[in-house]
Amino acid sequence: MQWLFDLIDPLRTMGLGWVFLWVLVENTLIFIPAIVGGEALVRVFKQKAVSDAPDPLTRMEIGLSVCTIVINSLVTWVGVILWRADLIQAPYDTGLRVLLDAVVLFLAMDFLMYVFHRVAHHPLLYPIIHSTHHRYENPRPLTLFVLNPFESAGFGALWLVLVTIYPATLVGMMIYLTLNVVFGLVGHIGVEPLPRRYLDIPLIRYISTSTFHAEHHGDKDHNFGFYTLIWDRLFGTISPDYERDFVQANSVRATNG
Ligand SMILES: [Zn+2]
Ligand SMILES: [Zn+2]
72 MQWLFDLIDP LRTMGLGWVF LWVLVENTLI FIPAIVGGEA LVRVFKQKAV SDAPDPLTRM
132 EIGLSVCTIV INSLVTWVGV ILWRADLIQA PYDTGLRVLL DAVVLFLAMD FLMYVFHRVA
192 HHPLLYPIIH STHHRYENPR PLTLFVLNPF ESAGFGALWL VLVTIYPATL VGMMIYLTLN
252 VVFGLVGHIG VEPLPRRYLD IPLIRYISTS TFHAEHHGDK DHNFGFYTLI WDRLFGTISP
312 DYERDFVQAN SVRATNG
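First residue of the sequence shown? That's 72 in the numbering used here, and the numbers climb one at a time after it.
#1: I need the boundaries of the alpha helix (DSSP H) containing Met85, first residue and last residue.
#2: According to DSSP, simplified to helix, strand and coil, what is Thr165?
#3: Just verifying my parser: in three-state terms, what is the DSSP assignment at Ile278?
#4: What number of angstroms, rounded off, separates the C-alpha of Leu231 from the C-alpha of Ala111?
#5: In this structure, what does DSSP give as the bridge partners for Val262?
#6: Please classify Ala325: is it buried, with 16 or more other beta-carbons within 10 angstroms of its beta-carbon, or exposed?
#7: Whose C-beta lies closer than 6 Å to the C-beta of Gln153 among residues of the same chain, with five residues either side of it excluded?
#8: Roughly how many whole angstroms lie between the Cα atoms of Ile301 and Gly86?
#9: Candidates Glu286, Pro81, Asn321 and Gly134: which alpha carbon is nearest Tyr269's?
#10: Are Gly91 and Ile140 closer than 7 Å when you measure CB to CB?
#11: Between which two residues does the alpha helix (DSSP H) holding Ser223 run?
#12: List the whole-angstrom C-beta distance separating Leu82 from Val151, where the pair is believed to meet the contact cut-off of C-beta under 8 Å.
#13: Can you tell me the Cα-Cα spacing of Glu132 and Val149, whole angstroms?
#14: For Asn98, which option in His192, Ile142, Ala239 and Arg155 has the closest C-alpha, if you only look at C-alpha atoms?
#15: Measure the beta-carbon distance from Ile278 to Thr299 and round it to whole angstroms, keeping in mind my assumption that it falls under 8 Å.
#16: Between Ala161, Ala173 and Leu100, which lies nearest to Leu241 when the distance is taken from Cα to Cα?
#17: Name, in chain order, the residues that DSSP records as bridge partners for Thr299.
#18: Could you please give the first and the last residue of the uninterrupted alpha helix (DSSP H) stretch that includes Val253?
#19: Determine the DSSP secondary structure at Leu215, reduced to helix, strand or coil.
#20: List the endpoints of the continuous alpha helix (DSSP H) containing Leu75.
#21: Work out the CA separation of Ser281 and Gly328 for me, nearest whole Å.
So this is what it looks like as structure tokens:
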């Protein structure tokens with residue numbers, strides 16, 4: 072991991088303008104493989120659709136995605152400033168502590184984002200911060216980034232508050248952030264890569280799937296969670312059709328060979 076620390080350490084003393092450029096490049100380097108990987112999954116699993124094909128790509132979607140990359144970079148930039156001020160510690164530990172941090176961040180952000188997402192669906196806030204994302208009922212990988220700037224900033228603020236309170240290790244944070252992109256992406260590919268037997272695996276079956284978030288795009292009253300089904304089950308907002316839709320996506324493939 073020494074290479075990682077060597078990469079990050081210069082950010083402590085670099086001019087803040089250069090830091091912004093650095094985090095902008097970093098966020099762009101996350102975006103590109105995410106979209107390429109997402110589009111690859113769409114093609115590989117095209118027979119297991121969980122939503123209809125998306126409408127043709129618009130300039131609005133591209134513009135909002137660019138805006139999201141800039142907002143995410145600003146969030147990272149503020150994170151670096153907080154780290155330089157020792158308000159975010161991000162210790163360079165490795166080992167079991169890293170795994171613990173990844174699990175804590177995963178579950179804590181899952182809960183915080185569930186609450187934020189439900190609040191964003193309140194009739195007073197929905198038109199201002201969340202209706203932009205829901206214009207796209209049939210998502211494509213890019214839809215993950217098609218967000219109102221207030222929404223991207225809100226998610227970013229949740230993250231910064233959490234890592235200011237909880238002193239997660241740098242590697243633990245990076246594992247969580249990678250999972251965040253993977254789950255976000257899988258929720259917007261419109262196909263179900265997981266096999267039917269996934270729903271039979273104890274505990275694992277409560278981890279979110281592509282079907283789960285695709286249903287939210289079609290039915291705004293259910294499935295507000297992102298990484299797990301825990302909070303939707305606990306608060307009674309899970310789609311009653313979840314298992315049926317998951318099985319149906321898998322049976323389509325069986326029918327088509
Ligand atoms: Zn979505
Ligand atoms: Zn929503």
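C-beta atoms are modelled at their ideal positions from N, C-alpha and C, and glycine is treated no differently.
As the structure is a prediction and not an experimental result, all values here were calculated from the model.
In brief:
#1: The count along the sequence shown starts at 1 and reaches residue 85 at position 14. Run containing Met85: none; DSSP gives neither H nor E here.
#2: As a first step, residue 165 must be located in the sequence shown, where it is residue number 94. Of the three classes helix, strand and coil, the one that applies to Thr165 here is coil, per DSSP.
#3: Here residue 278 refers to the residue found at position 207 of the sequence shown. Residue state, collapsed to three classes: strand.
#4: As a first step, residue 231 must be located in the sequence shown, where it is residue number 160. As a first step, residue 111 must be located in the sequence shown, where it is residue number 40. Rounded to whole angstroms, the separation of the alpha carbons of Ala111 and Leu231 is 32 Å.
#5: On the sequence shown, position 191 is the one that residue 262 refers to. Beta-bridge partners assigned by DSSP to Val262: Ala120.
#6: In the sequence shown, residue 325 corresponds to position 254, counting from 1. Bear in mind that a pLDDT of 48 at Ala325, under 50, signals an unreliable position, so the model cannot answer this.
#7: The count along the sequence shown starts at 1 and reaches residue 153 at position 82. Note that residue 153 corresponds to Leu in the displayed sequence, not to Gln. For Leu153, where only same-chain residues beyond five positions count, the Cβ hits under 6 Å are Ile159.
#8: Working through the sequence shown from its first residue, we reach residue 301 at position 230. Working through the sequence shown from its first residue, we reach residue 86 at position 15. The alpha-carbon separation between Ile301 and Gly86 amounts to approximately 43 Å.
#9: Indexing the sequence shown from 1 puts residue 269 at position 198. Out of Glu286, Pro81, Asn321 and Gly134, Asn321 has the C-alpha closest to the C-alpha of Tyr269.
#10: Taking the first residue of the sequence shown as 1, we reach residue 91 at position 20. Taking the first residue of the sequence shown as 1, we reach residue 140 at position 69. It should be noted that the sequence gives Phe, not Gly, for residue 91. Contact flag unset, no.
#11: Within the sequence shown, the letter at position 152 stands for residue 223. Per DSSP, Ser223 belongs to the alpha helix (DSSP H) from Pro220 to Ile236.
#12: Working through the sequence shown from its first residue, we reach residue 82 at position 11. Working through the sequence shown from its first residue, we reach residue 151 at position 80. Rounded, the Cβ-Cβ distance is 5 Å, consistent with contact.
#13: As a working note, residue 132 is residue 61 in the sequence shown. As a working note, residue 149 is residue 78 in the sequence shown. Going from the Cα of Glu132 to the Cα of Val149 covers about 26 Å.
#14: Here residue 98 is taken as the residue at index 27 of the sequence shown, counted from 1. With distances taken between Cα atoms, Asn98 lies closest to Ile142.
#15: Numbered from 1 along the sequence shown, position 207 holds the residue referred to as residue 278. Numbered from 1 along the sequence shown, position 228 holds the residue referred to as residue 299. Yes, Ile278 and Thr299 are in contact; Cβ-Cβ is about 6 Å, under 8 Å.
#16: Counting from 1 along the sequence shown, the entry for residue 241 is found at position 170. Here the closest residue by C-alpha is Ala161.
#17: Here residue 299 is taken as the residue at index 228 of the sequence shown, counted from 1. In DSSP, Thr299 forms a bridge with Ile278.
#18: Locating residue 253 in the sequence shown gives position 182, where the first residue counts as 1. It spans Leu241 to Val257 - the alpha helix (DSSP H) in which Val253 sits, taken as one unbroken run.
#19: As a first step, residue 215 must be located in the sequence shown, where it is residue number 144. Three-state DSSP puts Leu215 in a helix.
#20: Against the sequence shown, residue 75 aligns to sequence position 4. That run of the alpha helix (DSSP H) goes Gln73 to Ile79.
#21: Stepping through the sequence shown from its first residue, residue 328 is reached at position 257. Stepping through the sequence shown from its first residue, residue 281 is reached at position 210. Any reading at Gly328 must be qualified, since the residue scores a pLDDT of 43, below 50, and its modelled position is unreliable; the value itself is stated next. If you take the alpha carbons of Gly328 and Ser281, they lie about 21 Å apart.
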